[in-house]
Amino acid sequence: MGETIENRRRRLIYRSSYTGMKETDVLLGAFARRHLAGFDAGQLDRYEALLEAHSDPELLAWMMGQEAPPAAMRNDVVDLLCRFKLDG
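For the sequence shown, the positions run 2 to 89 when my numbering is used.
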């Protein structure tokens, strides 16, 4: 039997909070806790693919506005990630 969507959300929240780089732990962990509960299966697929395909420094640069993600990577999840602010 496959993983339930709730277990998948919990797993991705945990994974986002323990990336191996403190800065991304804080930002991705907060992003995941705030948004993953509302993600559908397709969005969870895109988020998980993002975590698998890109390094912590690369994701951090996108979130901090230091670099733009490649056009081929742009989707609803990446756009939401790039607009994410800890205080908002």
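For glycine and all other residues, C-beta sits at the position ideal for the given N, C-alpha and C.
In the structure shown, Leu87 adopts coil according to DSSP, grouped into three states. Shown here for Cys83: same chain residues with a beta carbon closer than 6 Å to its own, the five before and five after excluded, namely Trp63 in chain order. DSSP, reduced to helix, strand and coil, places Arg16 within a helical segment of the structure shown. Excluding its 5 nearest sequence neighbours in each direction, Asp26 has C-beta neighbours in its own chain below 7 Å: Ser18, Tyr19, Thr20, listed in chain order. CA-CA distance, Glu53 to Glu4, rounds to 18 Å. Just measuring C-alpha positions, the residue of Arg47, Lys86, Arg35 sitting nearest Leu61 is Lys86.
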